[in-house]
Amino acid sequence: MNDYRFSGRVALVTGGSSGIGGAIASRLSASGARVASLDLSATAPDGVLPLTGDVTRSADIDAAVVRVASELGPIDVLVCAAGIGGDSLRTADVTDDEWRRVFAVNCDGVFYCNRAVVPTMVERGYGRIVNIASIAGKEGNPMAAAYSASKAAVIGMTKAIGKDLAETGVLVNCVAPAVIETPILAQLSEEHVGYMISKIPMGRMGTTDEVANLVLWLASEDCSFSTGATFDISGGRATF
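For the sequence shown, this note's numbering gives the first residue as 1, with consecutive numbering after it.
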């Protein structure tokens, strides 16, 4: 059931055309928010404004923020869900280009988005930012040095930005999912996916709706005394 806790709020979700981002964008819209999705794809869930752009280019992000403000209003909620898994490679086989490709999306893109929305949020005295990290950023996964390191960077970045803004009314948190059933799994080998599932005490992958449920709380006014924090959604895998 919809509680409309986001009535009157404006949200921008990166990676909102599918997967975790798509589920979050849909739930925000169903809960009363005016929502835009920034993605390489021109598609978006019903009721969500589709914006096409590349999070690795700060100019694309800045343009999207301006457009959202013009068409929907100032951004109250940012969810950074755009990400890639990278190739499943042994560390010695990771090329310079592959390392930079993964970091450009998973780390640089998150920073650019956070930076772009902060000034207006601080000026208005309210904002909620939720960055999607990964349990791999805490524990590291074999065959995934670039991915694990980039998600660890998201966790560290979230802690720093959350503390920077702690007295402004803008709260910044991140979510660390274990393996979730999304299209990103197609980028990974069966060995890699099997390893991740084997680490989950519940013995299954999570769903995008389960992640969206957690993100919506973090993006709401109900979240009022948490910032710079990492919230696990790992089926029991997380140990710290």
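Heads up, the beta-carbon is just placed ideally off N, CA and C, and yes, glycines get one too.
Between which residues of its own chain and F231 is the CB-CB distance below 8 Å, once the five residues before and five after are set aside? Here residue 231 refers to the residue found at position 231 when the sequence shown is read from its first residue. Closer than 8 Å at Cβ, skipping near neighbours: N173, C174, V175, A176, L214, L218.
Locate the beta strand (DSSP E) running through T207, then write down its first and last residues. Position 207 of the sequence shown holds residue 207. For T207, there is no enclosing beta strand (DSSP E), as DSSP gives it neither H nor E.
How far does the beta strand (DSSP E) with L78 in it reach, from first residue to last? Along the sequence shown, one-based indexing puts residue 78 at 78. For L78, the uninterrupted beta strand (DSSP E) run begins and ends at 77-80, by DSSP.
C-alpha gap between D60 and A238, whole angstroms: Reading the sequence shown from its first residue, position 60 is the one you call residue 60. Reading the sequence shown from its first residue, position 238 is the one you call residue 238. Using only the alpha carbons, I get a separation of about 35 Å.
Which word fits K151, buried or exposed, when buried means at least 16 other C-beta atoms lie within 10 angstroms of its C-beta? The residue labelled residue 151 in the question sits at position 151 within the sequence shown. Under this definition K151 is a buried residue.
Rounded straight-line distance, which links the Cα of F111 to that of N97: What you label residue 97 is simply residue 97 of the sequence shown in a count that begins at 1. What you label residue 111 is simply residue 111 of the sequence shown in a count that begins at 1. Contrary to the premise, residue 97 reads as Asp rather than Asn in this sequence. Distance between the alpha carbons of D97 and F111 is about 20 Å.
Cβ shell of A23 (< 6 Å), same chain only, five flanking positions each side left out: If you number the sequence shown from 1, residue 23 lands on position 23. Here the set comprises T208, D209, A212.
Cβ neighbours of T52 in the same chain (closer than 6 Å, five flanking residues each side left out): Within the sequence shown, numbered from 1, the residue matching residue 52 stands at position 52. Excluding sequence neighbours, T52 sits near A42.
Can you tell me the Cβ-Cβ gap for S31 and D3, rounded? I've got them flagged as a contact below 8 Å. For the purposes of this step, residue 31 is taken as the residue at position 31 of the sequence shown. For the purposes of this step, residue 3 is taken as the residue at position 3 of the sequence shown. Between D3 and S31 the Cβ distance is about 6 Å, and since that is below 8 Å, they are a contact.
How many angstroms separate the CA atom of V105 from the CA atom of V79? Along the sequence shown, read from residue 1 onward, the residue named residue 105 stands at position 105. Along the sequence shown, read from residue 1 onward, the residue named residue 79 stands at position 79. The alpha-carbon atoms of V105 and V79 are separated by roughly 14 Å.
DSSP three-state assignment for R67, whether helix, strand or coil: Here residue 67 refers to the residue found at position 67 when the sequence shown is read from its first residue. It is helical.
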